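Participant:
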Ligand code: SOE
């Protein structure tokens, strides 16, 4: 018999849907001994919350997250609200003895993230930050193979995350749909929202970043604020390009923008090593491009591996070889790992402490973008 794990969701937006889907689906495919129950959801907007809770089958709703956190029948709090609310909710949840799962980035800054890490560690509650792209099987496979030394010494790590949804000056800042453009709510722009994903994967696969320099730009300087109704200065970075040195001696480049016309959410990464290279692209997420320098010269070239076999990461739990999976599965895998961590006592990564490193690097990008200087980490 599996054990019920009662989930308290804070939020009802896009991410709350992705996470709810993961909680609802995981026990059908991963036998972790736990059965997540969508117990309650909390948010201020009653009609939207009711609709969300009805769609996903949450048993009850709360208009205040504090009530949710205080409920005895909730085991884990899942935070899916704008970044400025992460710290307060996470700290209160940890103090109440709940497991805490927080949507990325952990916090708007390292300074804000430190007390969050302290709170979960002091309370000794399981904790995790949702960086889902690590759990795309092709990306997890890269991690496995690099760790095994398949490409030997790594020379280059290259990642991009490109979008185009904020090009119009008519897109406002602040409010439910556009809080990512409001620096007070988000902390930063593409750096915390998109490069953070690239950094999480990069640090996981290639180790810590030692130093960096960044160029950032805010193309649209003023936008109407949804809440105040006023035209206000834009404080976020619309685009960032970053050069890094990793502690292992390899060089990194990271680029992100919301002004790459034609690109909606294109996350790509490439790693070049002594014996080979890997390349991956979110829009063809089940494939891994692989160059093996050890192959005979005349037949040497890039090959495209369809990562759907039973011995590929996570795939043994899904369909049969050749049948592809999607974006939502990366969240299901993250939940599966979290539940497995409860079983083994080896916490699923990234924990709050792991994710603090990514937030520290984000801070350095913003600082370097302003100063034009290299920053040592
Ligand atoms: C922004 O548009 C966004 O939804 C990010 O917030 C997510 O983290 C990313 O995965 C997709 O893009």
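In the numbering used here, the protein residues as written are 115 to 491.
C-beta: ideal position from N, C-alpha, C; glycine also.
Keep in mind it's a predicted model, so treat the numbers as computed, not measured.
(1) Which of the three DSSP states is assigned to residue 274 in this structure?
(2) Any idea if residue 483 is buried or exposed, counting beta-carbon neighbours within 10 angstroms, 16 or more meaning buried?
(3) Which of the three DSSP states is assigned to residue 308 in this structure?
(4) Between the alpha carbons of residue 210 and residue 225, how many angstroms are there, rounded?
(5) Measuring alpha carbon to alpha carbon, tell me which residue in 326, 338, 410 is nearest residue 369.
(6) Can you check DSSP and say which residues form a bridge with residue 331?
(7) Can residue 150 and residue 141 be called in contact, C-beta distance under 9 Å?
(8) I want to check one thing, is the minimum distance from the CB of residue 135 to the heavy atoms of the ligand SOE below 8 Å?
(9) Would you kindly work out how many angstroms separate the C-alpha atoms of residue 276 and residue 307, rounded to a whole number?
(10) State whether the region 181-192 contacts the region 160-170, with contact taken as three or more CB pairs (one from each stretch) at a distance under 8 Å.
(11) Using a 10 Å radius around the Cβ and a threshold of 16 neighbouring Cβ atoms, would you call residue 129 buried or exposed?
(12) When the Cα atoms are used, what is the spatial distance from residue 156 to residue 123?
(13) In the region 405-456, which residue ranges form an unbroken beta strand (DSSP E) of at least 3 residues, counting only runs that do not cross its ends?
(14) Count the C-beta pairs between the region 260-275 and the region 382-389 that are closer than 8 Å, then say yes if the count reaches three, no if not.
(15) Examine the Cβ distances between the region 388-395 and the region 251-260 and report whether three or more of them are shorter than 8 Å.
(16) In whole angstroms, what is the alpha-carbon distance linking residue 134 and residue 216?
(17) Name the residue from 139, 331, 120, 292 whose alpha carbon lies nearest to the alpha carbon of residue 485.
(18) Start and end of the alpha helix (DSSP H) containing residue 135?
(19) In the DSSP output, what is residue 484 paired with across the bridge?
(20) Please specify which runs of the beta strand (DSSP E), each continuous and at least 3 residues long, are wholly inside the region 210-277, giving them in chain order.
Facilitator: The structure says:
(1) Here the question's residue 274 lines up with position 160 in the chain shown. In this structure, residue 274 counts as strand in the three-state DSSP scheme.
(2) Numbered from 1 along the chain shown, position 369 holds the residue referred to as residue 483. Under this definition residue 483 is a buried residue.
(3) Numbered from its first residue, the chain shown carries residue 308 at position 194. The answer is helix: DSSP assigns residue 308 an H, G or I state.
(4) The sequence position of residue 210 within the chain shown is 96, counting from 1. The sequence position of residue 225 within the chain shown is 111, counting from 1. Distance between the alpha carbons of residue 210 and residue 225 is about 22 Å.
(5) For the purposes of this step, residue 369 is taken as the residue at position 255 of the chain shown. Taking each of 326, 338, 410 in turn and checking the Cα distance to residue 369, the smallest one comes out for 326.
(6) Indexing the chain shown from 1 puts residue 331 at position 217. Paired residue(s): 353.
(7) Within the chain shown, residue 150 is the residue found at index 36, counting from 1. Within the chain shown, residue 141 is the residue found at index 27, counting from 1. Against a cut-off of 9 Å, the Cβ pair of residue 141 and residue 150 comes out as a contact.
(8) Here residue 135 refers to the residue found at position 21 of the chain shown. Every heavy atom of the ligand SOE is 8 Å or more from the Cβ of residue 135, so no.
(9) For the purposes of this step, residue 276 is identified with residue 162 of the chain shown, where counting begins at 1. For the purposes of this step, residue 307 is identified with residue 193 of the chain shown, where counting begins at 1. Whole-angstrom Cα-Cα distance: 11 Å.
(10) no
(11) Here residue 129 is taken as the residue at index 15 of the chain shown, counted from 1. When all chains shown are included, residue 129 counts as buried.
(12) To locate residue 156, count along the chain shown from 1; it is residue 42. To locate residue 123, count along the chain shown from 1; it is residue 9. If I take the Cα positions, the gap works out to 6 Å.
(13) 416-420
(14) Under the 8 Å Cβ criterion, the region 260-275 counts as touching the region 382-389, having at least three qualifying pairs.
(15) Yes, the region 388-395 is in contact with the region 251-260.
(16) Stepping through the chain shown from its first residue, residue 134 is reached at position 20. Stepping through the chain shown from its first residue, residue 216 is reached at position 102. Going from the Cα of residue 134 to the Cα of residue 216 covers about 13 Å.
(17) For the purposes of this step, residue 485 is identified with residue 371 of the chain shown, where counting begins at 1. Its Cα nearest to that of residue 485, the residue 331 stands out among 139, 331, 120, 292.
(18) As a working note, residue 135 is residue 21 in the chain shown. Looking at the DSSP string, the run of the alpha helix (DSSP H) that includes residue 135 is 128-143.
(19) Working through the chain shown from its first residue, we reach residue 484 at position 370. In the DSSP output, where bridge partners are listed per residue, residue 484 has none listed.
(20) 213-217, 241-244, 268-276
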